[in-house]
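2 protein chains.
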Amino acid sequence: MPFEIIRPIRVFLSEDKQLFVALKNIFGYYPGNIFLYKLAFRHKSQAIELSNGNRISNERLEYLGDAILSAIVADHLFKMFPYKDEGFLTEMRSRIVSRAQLNKLSEKLGIDTLILANNESNNVFRSMKGDAFEALIGAIYLDKGYNFTRRVIIEKVINQHFDLQDLENNDTNYKSRIIEWAQREKRSLEFVTLNEVGHGYNKQYVVDVMVDKISLGKGRDYSIKGAEQDAAMKALLHLEAEKIVT
Amino acid sequence: MPFEIIRPIRVFLSEDKQLFVALKNIFGYYPGNIFLYKLAFRHKSQAIELSNGNRISNERLEYLGDAILSAIVADHLFKMFPYKDEGFLTEMRSRIVSRAQLNKLSEKLGIDTLILANNESNNVFRSMKGDAFEALIGAIYLDKGYNFTRRVIIEKVINQHFDLQDLENNDTNYKSRIIEWAQREKRSLEFVTLNEVGHGYNKQYVVDVMVDKISLGKGRDYSIKGAEQDAAMKALLHLEAEKIVT
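Each protein sequence line maps, in turn, to chains C and A. If you count by my numbering, then the first sequence holds residues 1 to 246, one letter each, in order. If you count by my numbering, then the second sequence holds residues 1001 to 1246, one letter each, in order.
Here is the structure:
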């Protein structure tokens, strides 16, 4: 196909040759609209100010990429774990797309070296690397569409940099995880069985996790043990969202 | 095409004829794999128990649909509002996919009448209708793929049931919204300018929103006013996530 011949020539002549090549090495394809990718690497500390006063950086692409990444990971986990419930899938996803993981991933893939930011930014903006990774996903999505992005994320990111089995074995006992955390942080922790909902076959227990007497998450299940796990998982998600546990 | 002739015959002969027709009326197409859609309407109060002890309901599909819907709405808003920042886009999306909106939408589209649940469920599970709507999106995605789902959501849901202009005009002043809320609920509210980050051209202000002396959200911007809006928006997202404000 003529495109396959023309593309390398265009790349070779481009002033963005280095970026073309870096992206080809990371993801295995040449970008179409290189401006999207350049924007993805522009941290807000290097925002461009337009004549209308708008400031342009990778923040909008990060917003988009974050949502696309969540959807792709949700889909992948849904299919990889056909017998696991939505609590498990939610927790697995939050491990894959946690800020700490995305920062690490950005370094592993060499994305961090492509970021355009002020010198001091790396210290001030602790999530800069992960944010750029998300922005890059936004750029790939706009450039190549959902199905292409999905393939790239699964083949070049998840399959190569995550061991789902490992991630699964690692601390899926939410109750023991939150107990360990509370002991370490010297917080009071209590599991309170609140009430039952439903009747007969559908009877479920509701359990509340109290940290320092404040409710952090209610769980519901057909057994008290299950409801405790569910509640602990929700409390952990809450603590992770607050960046108290990572 | 032969499929176009065969499809109506298959529908007519199917024991799920009613569901086929209802879905065609709502979304304008006949479902492929009807089992996915039947599962989407099966509330956990009517879960099926398998021989291995697993219970099957629409909860996994809801997890998937929630992520897919977020991605589609993020993409749509990104393109509809090319000059708005990610804070605006995040707030707009949270208004579209709020539990209250999804419940309402479920009723408008007539999805709620298709739900299979125990009689008491409607009172016990307040988000049952919205959950089924999300599960349905998960089913469409698995049945027809991302691009098809995206078109359906934009054409049959967003364009017909949301006025983005209205949604935008409605209370984008986050600071005044949280002030009104605090007055109504008799909570103490304070905006505290914490510090500045960056230098010269890149100097930004950091503002903290304190409700009853507890920090609910830090905002950052190039002006104190902007940082206050950002902080108020984050505090509102926090309160919405906790279902304190809807």
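Ideal Cβ positions, reconstructed from N, Cα and C, are used throughout, including at glycine. In this text, all values refer to a predicted model and were calculated from it rather than measured experimentally.
Residue i touches chain C at which residues, Cβ-Cβ below 8 Å?
i, result
"glutamate 1228/A", "The contacting residues do not exist; glutamate 1228/A stays about 18 Å from chain C at best."
"glycine 1198/A", "Ser45, Asn118, Glu120 and Val124"
So with CB distances below 7 Å, who are the chain A contacts of residue i?
i, result
"alanine 67/C", "Ser1070, Ala1071 and Ala1074"
"phenylalanine 35/C", "Simply none; closest approach about 14 Å."
"phenylalanine 20/C", "Residues of chain A passing the Cβ test: none, with the nearest at roughly 24 Å."
"valine 27/C", "What sits at residue 27/C in the sequence shown is phenylalanine, not valine. Those within 7 Å of phenylalanine 27/C in chain A number zero; the least Cβ separation is about 19 Å."
"phenylalanine 133/C", "Going along chain A, no residue has its Cβ under 7 Å from phenylalanine 133/C, so there is no contact; the nearest lies around 15 Å."
Considering only the alpha carbon of each residue, which of the options lies closest to residue i?
i, options, result
"aspartate 1131/A", "Ile1153/A, Thr1113/A, Arg1150/A and Leu1102/A", "Leu1102/A"
"serine 1057/A", "Asp1066/A, Ala1074/A, Leu1039/A and Ser1070/A", "Leu1039/A"
"alanine 1074/A", "Arg1150/A, Glu1190/A and Arg1177/A", "Arg1150/A"
"lysine 44/C", "Lys1218/A, Phe1148/A, Glu1228/A and Gln1204/A", "Gln1204/A"
"glutamate 192/C", "Thr90/C, Tyr37/C and Arg220/C", "For the sequence presented, residue 192/C should be read as valine rather than glutamate. Checked all of Thr90/C, Tyr37/C and Arg220/C; the closest Cα to valine 192/C is Arg220/C."
"asparagine 195/C", "Ser188/C, Glu168/C and Ile224/C", "Ile224/C"
"serine 1051/A", "Ser121/C, Asp163/C, Glu15/C and Tyr83/C", "Tyr83/C"
"alanine 1071/A", "Gly1198/A, Asp1163/A and Ile1154/A", "Ile1154/A"
"leucine 1105/A", "Ile1068/A, Ala1067/A and Gln1160/A", "Gln1160/A"
"serine 64/C", "Leu164/C, Ala182/C, Tyr146/C and Val206/C", "Just to set this straight, residue 64/C is leucine in the shown sequence, not serine. Comparing Cα-Cα distances from leucine 64/C to each of Leu164/C, Ala182/C, Tyr146/C and Val206/C, the minimum goes to Tyr146/C."
"isoleucine 34/C", "Ile140/C, His199/C and Glu190/C", "Ile140/C"
"glutamate 91/C", "His199/C, Val206/C and Leu164/C", "Leu164/C"
"leucine 23/C", "Arg99/C, Ala67/C and Val152/C", "Val152/C"
"histidine 1199/A", "Ser121/C, Met233/C and Phe162/C", "Ser121/C"
"phenylalanine 1081/A", "Ala1227/A, Gln1229/A, Met1233/A and Glu1168/A", "Glu1168/A"
"glutamate 1190/A", "Asp1166/A, Tyr1222/A, Phe1162/A and Glu1228/A", "Glu1228/A"
"tyrosine 222/C", "Gly1028/A, Gly1053/A and Glu1015/A", "Gly1053/A"
How would you list, in chain order, the residues of chain C whose beta-carbon sits under 9 Å from the beta-carbon of residue i?
i, result
"aspartate 1085/A", "Asn54, Arg55, Glu59, Arg60 and Tyr63"
"serine 1098/A", "Simply none; closest approach about 16 Å."
"tyrosine 1146/A", "Ala71, Asp75, Gly145, Tyr146, Asn147 and Arg150"
Are residue i and residue j closer than 8 Å when you measure CB to CB?
i, j, result
"arginine 308/C", "glutamate 49/C", "Here chain C comprises residues numbered 1 to 246, so residue 308/C is not present and cannot be evaluated."
"alanine 1231/A", "valine 1209/A", "yes"
"glutamate 1086/A", "glutamate 59/C", "yes"
"lysine 144/C", "glycine 32/C", "yes"
"lysine 1079/A", "glutamate 1107/A", "no"
"tyrosine 1037/A", "leucine 1019/A", "yes"
"isoleucine 115/C", "phenylalanine 41/C", "yes"
"asparagine 119/C", "glutamine 46/C", "no"
"leucine 77/C", "leucine 69/C", "no"
"tyrosine 1174/A", "leucine 1236/A", "yes"
"valine 1206/A", "valine 1197/A", "yes"
Mind pulling the chain A residues with CB within less than 8 Å of residue i?
i, result
"threonine 193/C", "Residues of chain A passing the Cβ test: none, with the nearest at roughly 17 Å."
"phenylalanine 162/C", "Result: empty, since nearest Cβ-Cβ is about 17 Å, beyond 8 Å."
List, in chain order, every chain A residue whose beta-carbon is nearer than 9 Å to that of residue i.
i, result
"leucine 89/C", "Arg1060, Tyr1063 and Leu1064"
"phenylalanine 41/C", "None at all; the shortest Cβ gap to chain A is about 16 Å."
Does at least one heavy atom of the ligand COA sit under 7 Å from the Cβ of residue i?
i, result
"lysine 1144/A", "The model on display carries no ligand, and the ligand COA is accordingly not part of it."
Of all the beta strand (DSSP E) runs that stay within the bounds of the segment 1165–1233 of chain A, which reach a length of 3 or more residues? 1189–1197, 1204–1211 and 1214–1221
Within the chosen definition, does the segment 1125–1142 of chain A reach the segment 88–95 of chain C through at least 3 CB pairs nearer than 8 Å? no
Would you call the segment 1102–1120 of chain A and the segment 1133–1147 of chain A touching, i.e. three or more CB-CB distances under 8 Å? yes
Inspect the CB distances between the segment 204–224 of chain C and the segment 171–189 of chain C and report whether three or more fall short of 8 Å. yes
I'd like the ranges of any alpha helix (DSSP H) spanning at least 4 consecutive residues and lying wholly in the segment 11–51 of chain C. 17–27 and 34–40
Minimum length 4: unbroken alpha helix (DSSP H) runs contained in the segment 1042–1117 of chain A: 1059–1080, 1086–1096 and 1099–1109
For a minimum of 4 consecutive residues, which ranges assigned as the alpha helix (DSSP H) are wholly contained in the segment 131–163 of chain C? 146–152
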